[in-house]
Structure formats: structure tokens, C-alpha cells
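J.:
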Amino acid sequence: MAHVECHRLASWQRLDDHPASGAHAGGRQSLGPGCRVEVSYLVSRSRVDTQAGLALDVWEGWCGPGPRPPRQKRIRGRSSAACAHTRRVDTCPLHAGRLCRRPLLGNQVTNVKPIPERNSASSTTHPPRGPLAQLSARALLASCASPAAAMPGPSPGLCRALLGLWAALGPGLFGLSAVAQEPFWADLQPRVALVERGGSLWLNCSTNCPRPERGGLETSLRRNGTQRGLRWLARQLVDIREPETQPVCFFRCARRTLQARGLIRTFQRPDRVELVPLPAWQPVGENFTLSCRVPGAGPRGSLTLTLLRGAQELIRRSFAGEPPRARGAVLTATVLARREDHGANFSCRAELDLRPHGLGLFSNSSAPRELRTFALSPDPPRLAVSRLLEVGSERPVRCTLDELFPASEAEVYLALGDHRLSPDITLEGDALVVTATATANAEQEGARQLVCNVTLGGESRETRENVTVYSFPAPVLTLSEPSTPEGKVVTVTCAAGPEALVTLDGIPAVVPGQPAQLQLNATEDDDKRSFFCDASLEVVGQTLSKNKSAELRVLYAPRLDDSDCPRSWTWPEGPEQTLRCEARGNPAPSVHCERPDSGAVLALGLQGPVTRALAGIYRCTAVNRQGAAVKEVTVTVEYAPSLDSMGCPEHITWLEGTEVSLSCMAHGVPPPNVSCVHSGEAGVVEGLLRVVRQHAGTYRCEATNAQGSVAKTVAVTVEYGPSFEEQSCPSNWTWVEGSGQLFSCEVDGKPEPSVECIGSEGASEGLLLPLASPDSSPGVPNIASGLAPGIYICNATNRHGSMVKTVAVSTESPPQMDESTCPSHQTWLEGAEAAGLACTARGRPSPQVRCSREGVPRPQGLRVSREDAGTYRCLATNMHGTDVRTVTLGVEYRPVVAELAASPPGGVRPGGNFTLTCRAEAWPPAQISWRAPPGALNIGLSSNNSTLSVAGAMGSHGGEYECAATNAHGRHARRITVRVAGPWLWVAVGGVAGGAALLAAGAGLAFYVQSTACKKGEYNVQEAESSGEAVCLNGAGGGTGGGTGAEGGTEAADTAEAQAGGEVFAIQLTSA
């Protein structure tokens, strides 16, 4: 059984044919023998019966040996799926009643199935048809269904008219025969319908009885409207609420009742989805029940319920197979509670799937319910608190419980007796830590209970501890005279509470609750004496104690002891000291120390530097209200030795040969010991010394006492007369020119002698020889001009005498080259014989000069070639140094015309162009000049004269052209012959007179050119380059072109010019 959606049609249409159903002609269908199609539709409130050929567009009947494949139909321009259901039948006999039928009412969805055979209770047997009916129907079908190729028949239009007439008159003419022969039936559409609860539905009740007596529709449902026809009845049922109803369609026909039963079921969407409330708290690890209810939704067989944890499906159940009348559903599941389920939302989703019935999927979900899980340890909390609590004191309380989840949800109750404490709660993972401060008052004295209660998920864990609250006041200690003069009696008393036992300085009272006393005669030793009072109390088997102390002050006169104020003070100078002179006494005495002679006062008790001025004898006095005390104190200040310039000078001068002694005087307390030692020696210098030069140097003098030592360096200078040494002042000296070196003559003597050298003979007589200063730089020249060689007398003098020495001076110089001795640019001529570069150097002794290129000297005696050109390095050397000079060598050579070419190389028509190119090799570069045939006009030259060009060539341009290259070393020329040949018809046409005139004009022009522009034998092309005149280059030695061949040769310009090989180039000029 299938559900098909069909569209309402407004007209009839012949059924499309399919190849498997038989041949057709004119749109008629041939169903084959024994196959019948019956159609019952509501069209214009009239019923139409037909045997074959006419049907609605949505009808399709099929009889045949195999199944009919689906296809598309075209209905009034729109495409829809074939609205039919096909079923394979092996045979389709007329009497079997196996007919394919599909009723349609409006746009209603209906079921399509084969028509069952009528039973004997609802229809009659099948008597044979009347002859007229068989003849008419079969003859009409046969004539319309027979193919045109087999036998002649009515036209398609006539066939359609006959079939229409048969449809209209058939019931009237053959009604009686049909009553006797047709198996009548009643039909109800839709047979099975699914309607939403409270909805409405149209039912179509119809029959094939031609003249039914009466008919109707029996149902318990409410009706809203009815439409009737002769053989049909349509009724709308509204507010359908019953889960299942079976309406009955009936007709009375030929004294029999025809019936058809239908089935109407309702469905209800899952509008109410309820999840049973979850427990307020669920223990972790225990099962809880999830129950989902969907009241009224159905049919139950189409319901599916799903229990969800968040978006995760826990369980899903389908109720397929339940009775059709069943409504509502309940789904229950048992779930194990987990920690991660805490705070999770559980819900239920209901789905009513009516898609198999042509409807949609209806779903709904319950409101989510949050689950709260917990875990509580079976152990009680751990309570930490002191068992004893004193009235007015504070004690910390700590309560801890582990294995608690979620710890943040736990409730804590902490109380001492009836007094609830204010706890501070701290979470440490799954542990709960509660802290508080317990304070007791006098009303709570006695035994009390401390309670810690933790509640989570409706369960509690509790711990109780016994606490004793007690009262224990501190003891009282009193002195009869806290401050008393020396020699007076003092009473000390220690008391406490009624149950406490007191002890005074280790002596207990007789019984608890009584005080303890002590009497004494006050002395100096009792000053600042402390008394201790202890009280003890026993509480719940524990002994508690408290104590108190007091100090006694005894008043007495000052006392200056040597331990606190010594009679003699010795201090080192410099460091800061605190000067103390303390006295005993009560009240504390004041101490004052001063010098009797000057009144200077010591700053006692203050830290300050110790100076030599503090030394002396002081009178110290201590005073309080009980009396006074006096004591003399001597102050001594010690300091380290010192060596000053008066007692021990830094510099001492001795004269060689005299007797002297070395002594240093030092200052210090106690008096220091002084000793002097020569540097580098171990012995101490003592007594008189006979001065020699070895006594000069540095001496270290050291003074030592108990406070330290001091050392001083004493420099001793020994003076003596001047003396010459050969090594420091040589007798022979050579001066090198340009070195900047001066003559060094160092003389030994103290103080340093002055030295002067003066020429005594020759060129140096009377001249002063410059001397080098001992501290001057050796590289700095001090001589502005040349030094005269000769004999010089040197004299050295100081305050202890003088000395004379003779010095011989000679001069030399290093190599030197310049432009005059070695030019930087030199030129050779190719082919000449060159001995070497022209380079010499000045210097003494005479330098040697070598020139090379890239480190290789040029071989001597070879002739000059162009490869000799380049850069050479010339090096001059003697014993005093070297000099380098770079020389650039150029090689010049005579000119040679290397190339003389004509372009184009082929023929040139009259009026055409040609170009002559001349390339020369020379150094210095050559100048290019041309010589052309006489009468050749309109010749153009390039900027460097290397190219000669002719535009619009004429016969006068034929002949010999010469290119000459010239520089300072010679001249070279090459010639090329251009022959002009072509038709000379213009000569004949012009006549002899015209030709003669032309020859005369050419001769005159040649004479003019030779007599003016070419007087020098050639034309300077560079001067005529920019002019518009004709260029004439034929000289006295030029040739003329003519004849039928080409000739070429070279010209000797001068004796230095090389001969060039004869080269002839011919250009044939032809007419266009």
C-alpha cells in the first residue's frame, strides 16, 4: 500500500499509452482481452462509468505479463509523478473483478490498491450480460481499439463521439441489463485516515449501483457538512477525538444493502513531556531513577522517548508494535550518580514519527532538571581545641573533615555550649577546614561542650569535645617601701585567689588562700633587687601557675670606683673614644671632670676623636642628693712617629771626596727609634762616610714606637766634574742628508754639563754643530739646510769643571728620483731599437736603478713593439734607502689603412645610394682624408671622415676614390675604383649638341675644382663636412674611372709611408 498525492483536475484527458499495454490508435487504449477499467469519481456532481478509453489524468490501469515501470505525466503544462499504483497480475479476467482502482476527492491523500472481489453478502452473483450490452460495448471497443493498419474503422473524432454517447446513454438504455449482470458494490474513501486529535476529515461514500434506492454514512463523530449526488455522498467530520473509529458507508440497491467500512485514527502531538522531579541531593555511587511521562501523545506505536544528560543520550526507546489505540508513554531508567553529574541537567525528548503516514516528525522536550550529587565521609569531623579555657581569654578552634564533595555546598555549625561561634571556612580540595576563636565569660565557668557539625545533602557528621571554663586571677605582690633610704626595714607581701597557693621568693604560704610575707633591712646591695610571687591552681587534674615580680630601690650616696672611673687613662691618638667616668649611687649621680690649670672639661659619655690636647690631669666630682665623691684622673695620649722636612729632609746633596753623616730626627710618644738603609743593601748607615759616586741613590729611613712606625725616602745626590765617553760621544760621525738625525754627544757629570761643538778648519770653520737633545725624538728633523763636513771641537762644562774632545763629521744621502731624472711618461716608436727607460737617481753613494714591468725586467737590445707599452716600476737603491717611481710607456706607430669597403656590394641603380667605409690603425690616431673622381658632387662625410656616402648616384660618381690616413709618423693611402655603367640612351636622344654641351660643362667644373678647391692636391673633408658644397678630393696624383673594368692601386705619400696592396671594388649602376 502506498500514499500518493494527486492534484485536482478540471477536465478529462485520455490516458497516455505505454508500449507494454498494447497498440493504440488515435489516443485510444487497447487493454487486451478480458481486462476492464472501472472509474468512479466526483465530477460535476455526476457519476460516469466506462468500459475503456476514458479516464481522469490521475488514473492508470494496468494488465499485462509484467510490472509497469513508473513514468511522468504532463497535466496542463505542469509535470507531476504518475498518480497511480501498479500491481502485477498474471491474468485479469472479466469475471474475476481484479481491477486497478484509484478514487480521488479534491486534493485529498488516498490509498491505492487492487479492488477485492465482492462477497455474496454485499453483492449478487455475476449473471451473463445482455446481448445488446455485450454487442454494443464490445463492438464499440473493438472498432475503436483495432489498429488502423489491420482493418478500416471509425475516425478518431467519430470514436470519441461514440464513446461519449455510450457514456451518456448507457445507464438509461441498458440499466435493466446492468442490474441483472453487474456485481454492485459500495466504496468509502478514504478507507484509512490519520487525523490530528480535534481535527476534521471529508469522507466520500460512493456506489456503482445505477439507481440506488437510498444510501448514507453511519458514524458516531460530529458532522459539519454534507454533499450528495445520485451515487455518492460526501460528509465532513469535525472535532475527531476518538483514538479509533470505523465509519460505515451503505447503499440500498436491488433490494440488497451494499456496505463499505473505513478506519479513522487520531494522533496527538507530544505537547506535554514531563520528567519526574529528581531528589534534592543524590549520594555519589548510588542509583537514582529517571522517569519520563508523555500523557495523551500517540499513537504510542509511533512514539520514541529519549532520556538525556545534557546533550548525551542515556537511553532511547521506541514503542513500535503497540496497539493503535494506545496513547501516552512512560520511560523509566536507573542511573548511577557520579561526581561529574553534580550540576548536570537531565531532560526527556519525545518524538512522534508520522512520516510513514505522509505526515511529519513531531518532537518536544521536557524542562531540564538539575541533579545535585554529594559524597560525605562516614567519619566524624576532627576537632582540635584546648580542653581548658580561662574566663576572658581567647583560644583557637579548628574543625576538619575530609572526603567531602562538593565541599563548597557544606553547612557548618560550630558552638561552645549555647554560644555559636563565627567560623572561617577554607576549602582544600575535598577537605573542609573550619577555624574560629572561642572566648569564655564568667557565666560559662564550669564544664561545657564544643560542637562541630557538618551538613551536606541532608546528612550530618558531628563531633563534640568537653571544655572546662575556669577563673584564675593573677597574684598580687606589694612592697611596703618601693623606694627607701639605705638602712630602713621593708616588708614584701604575696597574695592570690581563695583556692590558689602562693610562693614568695621560693617560700610557700602555709595553706592555699593565705598570703606569704618577707621583711629585710635595706642596704646598697638590695638596690634593684627583684622579688617574685608565684601562684598555682589545680583544674581538672592539671596544675596552672601565674607569677608576678617587683623591684626594690635603695637610696645611697655616690661612689667612684677604679673599675668605673680609673685613675690613669692612656688613649691612642686618632680613633674615636667614649670618655667614661661613672659613679654608683641612687639616685644616679652626675659626674664632672676638669683640668685645674686651664679649666678644660672632658666630655664624658660622648664619643669623639682623641687628640694630643686632651693629655693632662683632671679632677672628677660625682654628686647626688645623698652626697658627693671626688677623684683625680691622669690622661695620656700616645701617637705614632712622624718625620718632617726639618728633622729629615727629602733631598740631600754630597760632593764626591768629602766626609758626611746621614741623620733623621723623628717626633712621637713614646719617643721613636730611627734607622736608615741604602736601597739594595741590608746594612744600616751609621757614622761618617767618605763620599763616592756609589753613595748616590735612595735611602729608606724608618721611625718606630709602640703606636706604630713611619718611613720616609731620602734621595742622596753625589755631584762630580764632566767626562767624555767614546760610546756616547764618538770621534767620527757621518750625517745622512734628509734623515733629520743630529749628532749626539752625551757627557757624564753632575750636575749635567753643557756641551758645545764648533768647527775648527775647512768648510766647517767657525760653524756650530747642531747637537741632539737627550729627550728629543729621533725622527724629527732639526737641520733646515745641509751640514758642512769637517773637524769640530766639543767642550763640556759644569760647576765642578770642564773637558774638551775633537770630532770628525762627513755627509752622505739616500737615493732620489724626480721628473727631471726619471720622467713619468715616456714614448717609444715602433720598430726602433731601445736600450731602456731613461731613469737615473741622485744620492751618495751613487744609487743603482732597475726598471721592470710586473717584476720582470725588459730584455735589452730588442726592437720596440706595441707589446712594450704599459706601466713600469723603477727602483733606485743605495745603503741609505730606496726610491720608487712609476713610469708609463707609450708605443707610437705609423698609420695603416686596414679596411676600405663599399656598400652595397652589388649593383646600384641610377639614383641609388652607396657608401665607402675607411678604417685606419695608428697611434697617435690618424686623420682620415678622401679623394674622389672629378665632377663627383653631393658627397657626404661622417663626423670622423671614416665614411663617405653618396645619395642619388649619377654617372659622374664613377671613378677612383682614395682614402688616406695621416699622423706624426707618416701617411698611408688605399684606393677603390667605382665604375658607373648603364644605358646611355639619353645621350642619343639629347643629340650630339646636348652631349657636347654637357661635356663642356663637366670640363669647366673640373677645371674650377682643380684650380680652386683642389690646389693642394686633396680636400680636407673635416673642413667641408658641414658645408653644402660638392666635395672635391681629386689631387694631382688622382686617377679617373672609366672603361669596362675596375682598376686599383696605392699611392706613396712620403718616404715613411708603407705600400698598401692594390684593391679594386666595382659598383655597377643600372637604370631603373
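So the number in my numbering is just where the residue sits in the sequence shown, counting from 1, plus 1091. All C-beta atoms in this analysis are idealised placements derived from N, C-alpha and C, irrespective of residue type, glycine included.
#1: Tell me, to the nearest whole angstrom, how far the beta carbon of Arg1305 is from that of Gln1359; I am working on the premise that it is less than 8 angstroms.
#2: Apply the 10 Å Cβ neighbour rule to Arg1326 and answer buried if 16 or more other Cβ atoms are within range, or exposed otherwise.
#3: Beta strand (DSSP E) containing Asp1974: first to last residue?
#4: Enumerate in chain order the residues of its own chain whose CB-to-CB distance from Asn1715 is below 8 angstroms, with the five nearest sequence positions on each side excluded.
#5: Thinking C-beta only, is Leu1568 closer than 8 angstroms to Cys1490?
#6: For Ala1373, is the classification buried or exposed, using 16 other Cβ atoms within 10 angstroms of its Cβ as the cut-off for buried?
#7: For Thr1546, which residues in the same chain have their Cβ closer than 6 angstroms to its Cβ, ignoring the five residues on either side in sequence?
#8: Are Ala1887 and Pro1821 touching if we call contact CB-CB under 8 angstroms?
#9: Let me know if His1433 comes out buried or exposed under the rule of 16 or more other beta-carbons within 10 Å of its beta-carbon.
#10: Rounded C-beta distance between Gln1951 and Ala1932? I'm assuming under 8 angstroms.
#11: Evaluate Leu1746 with the Cβ neighbour count: other Cβ atoms within 10 Å of its Cβ, from every protein chain shown; 16 or more gives buried, anything less gives exposed.
#12: Assuming Val1947 is part of the beta strand (DSSP E), what are its boundary residues?
#13: The beta strand (DSSP E) that contains Gly2050, what's its start and end?
#14: Indicate the three-state DSSP secondary structure (helix, strand or coil) for Glu1534 in the structure shown.
#15: Out of curiosity, what's the CA-to-CA distance linking His1971 and Glu1910?
#16: Leu1518 and Leu1492 - do their beta-carbons sit closer together than 8 angstroms?
#17: Using the C-alpha atoms, what's the distance from Gln1698 back to Val1726?
#18: Return the residue from the list Arg1976, Leu1693, Gly1892 and His1891 that minimises the CA-CA distance to Gln1917.
#19: Can you tell me whether DSSP reads Gly1853 as helix, strand or coil?
#20: Between the segment 1806-1813 and the segment 1883-1900, do three or more beta carbon pairs fall short of 8 angstroms?
#21: How is the beta strand (DSSP E) around Leu1635 delimited, first residue to last?
#22: Quick check on Pro1447: does DSSP put it in helix, strand or coil?
#23: Going by Cα to Cα distance, which pick from Arg1282, Thr1702, Ser1574 and Ser1994 is closest to Cys2009?
#24: Report, in whole angstroms, the separation of the C-beta atoms of Glu1723 and Arg1658, which I expect to be a contact under 8 angstroms.
#25: Tell me the start and end of each unbroken beta strand (DSSP E) in the segment 1569-1635 that is at least 3 residues and wholly inside, in chain order.
#26: List the DSSP bridge partners of Ser1845.
#27: For the candidate residues Thr1584, Arg1473 and Gly1588, whose alpha-carbon lies nearest to that of Leu1595?
#28: On the CB-based measure, 16 or more other CB atoms within 10 Å of its CB, does His1742 come out buried or exposed?
#29: Answer yes if the segment 1684-1695 comes into contact with the segment 1749-1765, meaning at least three C-beta pairs across the two stretches below 8 angstroms, and no otherwise.
#30: Determine the extent of the beta strand (DSSP E) in which Thr1702 is found, giving its start and end residues.
#31: For Arg1954 and Gly2003, I'd like the C-alpha separation in whole angstroms.
#32: With distance defined between alpha-carbon atoms, name the residue in Pro1861, Ala1607 and Gly1857 nearest to Val1846.
#33: Hey, does His1916 have any beta-carbon neighbour from chain C nearer than 8 angstroms?
#34: So, for Glu1536: in the same chain, excluding its five sequence neighbours on each side, which residues have a beta-carbon less than 8 angstroms away from its beta-carbon?
#35: Closest to Gly1450 by C-alpha separation, out of Arg1400, Leu1285, Glu1333 and Pro1471, would be which residue?
#36: Less than 8 angstroms between the beta carbons of Val1760 and Glu1729, yes or no?
T.: Taking the coordinates as given:
#1: Numbered from 1 along the sequence shown, position 214 holds the residue referred to as residue 1305. Numbered from 1 along the sequence shown, position 268 holds the residue referred to as residue 1359. In fact, because the Cβ distance is near 37 angstroms, the residues do not count as touching under 8 angstroms.
#2: Sequence index remark: in the sequence shown, residue 1326 carries index 235 (1-based). Arg1326 comes out buried.
#3: Residue 1974 sits at position 883 when you count from the first residue of the sequence shown. Element bounds for Asp1974: Gly1972 to Ser1994.
#4: Working through the sequence shown from its first residue, we reach residue 1715 at position 624. For Asn1715, where only same-chain residues beyond five positions count, the Cβ hits under 8 angstroms are Ala1648, Pro1649, Gly1676, Asn1677, Pro1678, Ala1679, Pro1680 and Ser1681.
#5: Within the sequence shown, numbered from 1, the residue matching residue 1490 stands at position 399. Within the sequence shown, numbered from 1, the residue matching residue 1568 stands at position 477. The answer is no: Cβ separation not under 8 angstroms.
#6: For the purposes of this step, residue 1373 is identified with residue 282 of the sequence shown, where counting begins at 1. First, the residue type needs correcting, since residue 1373 is Gln and not Ala in the sequence shown. By the 10 Å Cβ count, Gln1373 comes out buried.
#7: The count along the sequence shown starts at 1 and reaches residue 1546 at position 455. A distance below 6 angstroms between beta-carbons, with the five flanking residues on each side excluded, links Thr1546 to the following residues of its chain, in chain order: Glu1502.
#8: Indexing the sequence shown from 1 puts residue 1887 at position 796. Indexing the sequence shown from 1 puts residue 1821 at position 730. Cβ distance not < 8 angstroms, so Ala1887 and Pro1821 don't count as in contact.
#9: By one-based count along the sequence shown, residue 1433 stands at place 342. Counting other Cβ atoms within 10 Å of its Cβ, His1433 reaches 16 or more and is therefore classed as buried.
#10: Along the sequence shown, read from residue 1 onward, the residue named residue 1951 stands at position 860. Along the sequence shown, read from residue 1 onward, the residue named residue 1932 stands at position 841. About 19 angstroms separates the two Cβ atoms, so there is no contact after all.
#11: Locating residue 1746 in the sequence shown gives position 655, counting from the first residue. The residue in question, Leu1746, is exposed, as its Cβ has fewer than 16 Cβ neighbours within 10 Å.
#12: Taking the sequence shown and counting its residues from 1, one reaches residue 1947 at position 856. Unbroken run through Val1947: none, as it is neither H nor E.
#13: Within the sequence shown, the letter at position 959 stands for residue 2050. Where Gly2050 is concerned, the enclosing beta strand (DSSP E) stretches over Gly2050 to Asn2058.
#14: By 1-based counting over the sequence shown, the position of residue 1534 is 443. Here Glu1534 sits in helix by DSSP.
#15: Taking the sequence shown and counting its residues from 1, the one referred to as residue 1971 is at position 880. Taking the sequence shown and counting its residues from 1, the one referred to as residue 1910 is at position 819. For His1971 and Glu1910, the distance between alpha carbons rounds to 21 angstroms.
#16: Your numbering for residue 1492 matches position 401 in the sequence shown. Your numbering for residue 1518 matches position 427 in the sequence shown. The answer is no: Cβ separation not under 8 angstroms.
#17: By one-based count along the sequence shown, residue 1726 stands at place 635. By one-based count along the sequence shown, residue 1698 stands at place 607. Roughly 16 angstroms separates the two Cα atoms.
#18: Within the sequence shown, numbered from 1, the residue matching residue 1917 stands at position 826. The option with the nearest alpha carbon to Gln1917 is Arg1976.
#19: For the purposes of this step, residue 1853 is taken as the residue at position 762 of the sequence shown. Correct three-state label for Gly1853: helix.
#20: Short answer: they touch.
#21: Within the sequence shown, the letter at position 544 stands for residue 1635. That run of the beta strand (DSSP E) goes Gln1633 to Arg1650.
#22: Residue numbering aside, residue 1447 sits at position 356 when the sequence shown is read from its first letter. The answer is helix: DSSP assigns Pro1447 an H, G or I state.
#23: For this step, residue 2009 is matched to residue 918 along the sequence shown. Of the listed residues, the one whose Cα sits closest to Cys2009 is Ser1994.
#24: For the purposes of this step, residue 1723 is taken as the residue at position 632 of the sequence shown. For the purposes of this step, residue 1658 is taken as the residue at position 567 of the sequence shown. Yes, Glu1723 and Arg1658 are in contact; Cβ-Cβ is about 7 angstroms, under 8 angstroms.
#25: 1574-1576, 1580-1586, 1592-1595, 1607-1612 and 1620-1630
#26: As a position in the sequence shown, residue 1845 is number 754, starting the count at 1. Ser1845 pairs with Thr1888.
#27: Reading the sequence shown from its first residue, position 504 is the one you call residue 1595. Of Thr1584, Arg1473 and Gly1588, the residue nearest in Cα terms is Thr1584.
#28: As a first step, residue 1742 must be located in the sequence shown, where it is residue number 651. Exposed, by the Cβ-count rule.
#29: With the rule of 3 Cβ pairs closer than 8 angstroms, the segment 1749-1765 does not count as touching the segment 1684-1695.
#30: If you number the sequence shown from 1, residue 1702 lands on position 611. No beta strand (DSSP E) holds Thr1702; DSSP gives it neither H nor E.
#31: Here residue 1954 refers to the residue found at position 863 of the sequence shown. Here residue 2003 refers to the residue found at position 912 of the sequence shown. Near 50 angstroms, if we compare the C-alpha coordinates of Gly2003 and Arg1954.
#32: Residue 1846 sits at position 755 when you count from the first residue of the sequence shown. The option with the nearest alpha carbon to Val1846 is Pro1861.
#33: Given the protein chain composition of this structure (a single chain), no chain C is represented.
#34: For this step, residue 1536 is matched to residue 445 along the sequence shown. Cβ neighbours of Glu1536 beyond the five flanking positions: Val1482, Val1560, Tyr1561 and Ser1562.
#35: Taking the sequence shown and counting its residues from 1, one reaches residue 1450 at position 359. Looking at the sequence shown, residue 1450 is not Gly but Leu. Measuring from the Cα of Leu1450, the nearest candidate turns out to be Leu1285.
#36: Counting from 1 along the sequence shown, the entry for residue 1760 is found at position 669. Counting from 1 along the sequence shown, the entry for residue 1729 is found at position 638. Result yes, Cβ atoms of Val1760 and Glu1729 sit closer than 8 angstroms.
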